[in-house]
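Student: First the structure, then my questions, so here it is.
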Amino acid sequence: MQVDHFDPYTPGQLTKNFTATVADEISVTRGTTVKALYRDDQWIYVQEGDTVTILNISDPEWTYVRNSENQSGFVPSSHVKIPEDVTMNRPIREKWENENLLVVEPFTGRSPLDLTVRPGEWIRCTSGKPVDDWLWAVRIADEKQGFIPNKVVILATDL
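When the letters of the sequence shown are read in order and numbered with the numbering used here, they come out as residues -4 to 154.
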């Protein structure tokens, strides 16, 4: 059964084994009771052997894909195999001004000048070049502005 909504720290049991793919994850076996911190609706689930269309690879840890059911979302980059005859380069951006960016990691502002953002939100960068890995950005939904670390967003030109 898939749950459409749950409150943070709601207990549940895993129906499949989960193997960690990045440093901030842990592996957990099927049947383990866990408490979910959040659910990200920008993620989609794919199975081994599924064919997907790669839409964006600007984040080295997450790849934005579309599956055969026309659902788009993020999957760990380690789970995506690009055929050997296909060449894809992750873009290196020197300038971000007026680019729409998709937030892929949460960031909670610590300063009055910071902008708190959540995965799935769209922001527009208004600073030209990142300064010490920080961008001045405007959240498109409400026009609030502030600094965000550039590691929490991906370039959205291919979405």
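All residues carry an ideal CB built from backbone N, CA and C; glycine is no exception.
1) In this structure, does DSSP put Ser122 in helix, strand or coil?
2) What residue range is occupied by the uninterrupted beta strand (DSSP E) comprising Leu110?
3) By the 10 Å Cβ neighbour count, where 16 or more other Cβ atoms means buried, how is Asn51 classified, buried or exposed?
4) When you compare only the Cα positions, how much space is there between Asp128 and Pro144?
5) Using the Cβ count rule (16 or more neighbours within 10 Å means buried), how would you classify Ala136?
6) So is the beta-carbon of Pro144 under 7 Å away from any non-hydrogen atom of the ligand MN?
Tutor: Well, looking at it:
1) coil
2) Unbroken run through Leu110: none, as it is neither H nor E.
3) buried
4) 6 Å
5) exposed
6) As presented, the structure is devoid of all ligands, the ligand MN included, so that no description of it is given.
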